[in-house]
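Quick notes on the structure that follows.
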Amino acid sequence: MLHRRGIMAAPLKRRIGLGLLTAYGVGVMVGAGIYVLVGAVAGDAGVWAPVAFLLAGLIAAPTALSYAEFSTRLPEAAGEAAYVGTGLNSQSLALLVGLAVVVAGTVSAGAVLRGGVGYLSAVTEINPVWAMIGLGGALTLVAVAGVLESLALAAVFTVVELAGLALVVWAGLGADPSPDWVAPAPPVWTGIGLGGVLAFFAFIGFEDIVNMAEEVEAPERTLPRAILISLVVTSVLYALVAWAAVRAVPLDVLGQSESPLALVWQYGRGSGAGFLSAIAVFAALNGILAQIVMATRVLYGLGGRTKALALFHTAHPRFGTPVLATFLVGAAVIFCALYVPVETLAETTSSILLAVFALVNGALIVQKRRAPEARFRVPMAVPVLGLVLSLAALSVAVRGIL
Numbered sequence: 001m002l003h004r005r006g007i008m009a010a011p012l013k014r015r016i017g018l019g020l021l022t023a024y025g026v027g028v029m030v031g032a033g034i035y036v037l038v039g040a041v042a043g044d045a046g047v048w049a050p051v052a053f054l055l056a057g058l059i060a061a062p063t064a065l066s067y068a069e070f071s072t073r074l075p076e077a078a079g080e081a082a083y084v085g086t087g088l089n090s091q092s093l094a095l096l097v098g099l100a101v102v103v104a105g106t107v108s109a110g111a112v113l114r115g116g117v118g119y120l121s122a123v124t125e126i127n128p129v130w131a132m133i134g135l136g137g138a139l140t141l142v143a144v145a146g147v148l149e150s151l152a153l154a155a156v157f158t159v160v161e162l163a164g165l166a167l168v169v170w171a172g173l174g175a176d177p178s179p180d181w182v183a184p185a186p187p188v189w190t191g192i193g194l195g196g197v198l199a200f201f202a203f204i205g206f207e208d209i210v211n212m213a214e215e216v217e218a219p220e221r222t223l224p225r226a227i228l229i230s231l232v233v234t235s236v237l238y239a240l241v242a243w244a245a246v247r248a249v250p251l252d253v254l255g256q257s258e259s260p261l262a263l264v265w266q267y268g269r270g271s272g273a274g275f276l277s278a279i280a281v282f283a284a285l286n287g288i289l290a291q292i293v294m295a296t297r298v299l300y301g302l303g304g305r306t307k308a309l310a311l312f313h314t315a316h317p318r319f320g321t322p323v324l325a326t327f328l329v330g331a332a333v334i335f336c337a338l339y340v341p342v343e344t345l346a347e348t349t350s351s352i353l354l355a356v357f358a359l360v361n362g363a364l365i366v367q368k369r370r371a372p373e374a375r376f377r378v379p380m381a382v383p384v385l386g387l388v389l390s391l392a393a394l395s396v397a398v399r400g401i402l
C-alpha cells in the first residue's frame, strides 16, 4: 500500500536555483547523441534538417508543458510517479512508473558510459573495462558528495559540450556551401516529418528536471521555467548544428557518416577533428552524472510512498544526498555498461520514457478535469496533443525494436 508521508525521512537540501537547474536540463538533452543523429536526420529531411529539428522541438513541447504544469501541482522527487498516482488514482501504477523511470535512467547511463569509454579508447590505450568501472565509480562518488557539487560539475561539462557544438557551427559557416545547399531540393514534408520524429529522441531529458523538485529553491516557480528554457535553448542549438552540417557537407556523404560533426569540421577547416572525441567524452560524463542524480531522486521519492522502498528515503546528514540509492544506481550503471549491449540499452530507454510520457499526459487530462486550478496552467489541448504525439512516437520506437 503506497502513501506519501507515512515514513519518517531525512529531507534533501534545497540548494538549486534557476540557472543551475536550466544548465542541468540542457546538459541532459544535449548529450552525445547529437554527435551522430544529425546525419540520420539529414538522410530523411535533406537540407531541411534544421526544420526537422525545430519540428521535433514542437513535438516535445506539449509533453514538456504538461510536465511544467504538473511540477507546480506536485513538486516532488519521483515526479512522474506522483503525477500518475494522483492523476490516474492508481498507486500501483505510480510505483510501476517510478521504477520504470529508474530503470530507464540507469540503462541510459549505462549506454552512455559504454559509448563514452569507446570514444576514450579511440584516443588512449586505456583498458575499457577498468575505464567503465573507474569513471562510473568516480561519478557515483560525485553524486554522493552533494547535489550542488554534482550539478556544478555537470554545468562545467555542459559548457564544454556547448563550446564544441559552437565550434562545429562556426566551421560550417566558414565552409564552401555544398551543391545541395546552393541548389536545394524543394521540401518534402514526409521526409521532414520522419526526420522530426527521429530528432525527437534528441530532446528526451527535459523530464529529468522535475525529479530535482525537493532540492530546488521555490520549485513552483523555478521548475516550469527551467523546463521551458531548456527546451527552447536546445531546439535552437540543434537547428544551428543541423544548418551547419547540411550547408557544409554533401547529403549523400552526411547521411552515411557515423561521425557527421567531424565531417563538418573537416569540410570547414580542412583538418582533423580529434578534439570532438574528447568533447564527446565530456558529453558522456555529463549524461552519466545527470542520470545517476535523477534516478536516485526517484528512488528517494518512491521510498516516501511505499514501505517496501523506505530504506531509500533517507539522506546523508552532512551531504544531504540519498547515499544508499546513489550507490545502488551507480553499481547498476556500471553493470549495464559492462554486460548489456548498447543497442538494447538505447531501445529500452526510449520505449520506457515514451510510455511514461503518454501516462503523464493522460494523468494531467484527468487531473485538469478534476481540479482545474494550478499555479502554472496550460490549455487542455496541450496534454491531449502530448498524449497523441507520445503514442505516435512510441509506435515508431516499438516498430524499430521489432
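Quick note on my numbering: the sequence shown kicks off at 1 and runs consecutively.
Even glycine gets a Cβ: it sits at the ideal position worked out from N, Cα and C.
- THR296 sits in a helix when the DSSP states are folded into three classes.
- Secondary structure note for SER150: its alpha helix (DSSP H) is the uninterrupted segment 147-174.
- Assignment of THR306 by DSSP, reduced to helix, strand and coil, places it in the strand class.
- Separation of VAL232 and LEU120 (C-alpha to C-alpha, rounded to the nearest whole angstrom) is 31 Å.
- The DSSP assignment places 219-248, 251-254, 260-269 as complete runs of the alpha helix (DSSP H) inside the stretch 213-281, in order along the chain (cut-off: 4 residues).
- Relative to the Cα of LEU37, the nearest Cα in the group LEU299, VAL241, PHE206, ILE227 belongs to VAL241.
- SER66 and VAL378 have their alpha carbons spaced roughly 7 Å apart.
- Following the DSSP letters along the chain, one finds GLU76 in no alpha helix (DSSP H), marked with neither H nor E.
- DSSP places ILE133 in the helix class (H, G or I) of the three-state scheme.
- The stretch 104-111 makes contact with the stretch 293-304, as at least three CB pairs between them are under 8 Å.
- For ALA245 and ALA185, the gap between their C-alpha atoms comes out near 16 Å.
- Boundaries of the alpha helix (DSSP H) around VAL333: 323-339.
- Across the set PHE319, ALA145, VAL123, ARG114, the C-alpha of ARG114 shows the shortest separation from the C-alpha of TRP130.
- About 4 Å separates the Cβ atoms of ALA155 and ALA23, confirming a contact at the 8 Å cut-off.
- Around the beta carbon of SER92, fewer than 16 other beta carbons sit within 10 angstroms, so the residue counts as exposed.
- By the Cβ rule, the stretch 140-152 counts as touching the stretch 15-30, because three or more pairs are nearer than 8 Å.
- Shown here, ILE16 sits in a strand according to DSSP, grouped into three states.
- In the structure shown, PRO372 falls within a coil segment according to DSSP collapsed to helix, strand and coil.
- Counting other Cβ atoms within 10 Å of its Cβ, LEU311 stays below 16 and is therefore classed as exposed.
- Where PRO179 is concerned, the enclosing alpha helix (DSSP H) starts and stops at 179-182.
- Under the three-state reduction of DSSP output, THR63 falls in the helix class.
- In the structure shown, the three-state DSSP call for ALA49 is helix.
- Here MET29 carries a helix assignment [DSSP, helix/strand/coil].
- For ILE209, no alpha helix (DSSP H) segment is defined, and its DSSP state is neither H nor E.
- Within 10 angstroms of the beta-carbon of SER395 lie fewer than 16 other beta-carbons, which makes it exposed.
- Here the stretch 38-53 lies against the stretch 246-255, with 3 or more beta-carbon pairs under 8 Å apart.
- Taking all protein chains in view, the Cβ of ALA332 is crowded by 16 or more other Cβ atoms within 10 Å, so the residue is classified as buried.
- One thing to note: SER277 has its Cβ no nearer than 8 Å to the Cβ of VAL117.
- Between the beta-carbon of THR63 and that of GLY386 there is about 4 Å, and that keeps the pair under the 8 Å contact cut.
- At the C-beta level, VAL84 and ALA363 come within 8 Å of one another.
- For the options ASN211, ALA358, ALA262, the alpha carbon positioned closest to that of SER71 is the one of ASN211.
- Taking 8 Å as the upper bound for CB-CB distance, GLY137 and GLY330 are in contact here, some 7 Å apart.
- Cβ neighbours of GLN291 within its own chain (closer than 6 Å, five residues either side excluded): GLY105, SER108, ALA109.
- The criterion of a C-beta distance shorter than 8 Å is satisfied by VAL366 and LEU88.
- In the three-state reduction of the DSSP assignment, ALA185 falls in the coil class.
- A buried status is given to ILE352, since no fewer than 16 other beta-carbon atoms sit within 10 Å of its beta-carbon.
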